[in-house]
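In what follows, a single structure is set out as structure tokens and then discussed.
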Amino acid sequence: MSDGMRVDLSALDDVIRKLNGLLSDMDKANTKAKYETDIPSTAFGSMKFLESNELHSAHQDQKTRIENIIKGLHGLIDDFSTSTSKVRDKYSNQEQANTQGVSAAPEGAAN
1 MSDGMRVDLS ALDDVIRKLN GLLSDMDKAN TKAKYETDIP STAFGSMKFL ESNELHSAHQ
61 DQKTRIENII KGLHGLIDDF STSTSKVRDK YSNQEQANTQ GVSAAPEGAA N
């Protein structure tokens, strides 16, 4: 910023807002994957249908896999959101310090 470059803090705010919205959506997806996709073993057939247990087990494995993928994505998005917030705060603090430094400089002094 001392080289005359400026950072658009409102753009960073927009990114943070969108990431927080995405986190909310991921929470909903996680809830749905965890609680709304369970299929009882009897739905795959009776014990006479030998493959019913294998089908149920495969379903449970995929359900767990999807939950873990969503959890990983949530963590990644949360980390990115936190990092973006920290960067935004640092730029904001630096901008305030620069503004105070310029206004505190004596008249005629080189900035």
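The sequence shown maps to residues 1 to 111 in the working numbering. From the three backbone atoms N, C-alpha and C, an ideal C-beta is built for every residue, glycine too.
- Under a 10 Å Cβ-count criterion, residue 33 is classified as buried, with 16 or more other Cβ atoms of the shown protein chains found around its own Cβ.
- For residue 17, the uninterrupted alpha helix (DSSP H) run begins and ends at 9-35, by DSSP.
- Residue 75 sits in a helix when the DSSP states are folded into three classes.
- Closest in C-alpha terms to residue 64, from the list 37, 84 and 48, comes 37.
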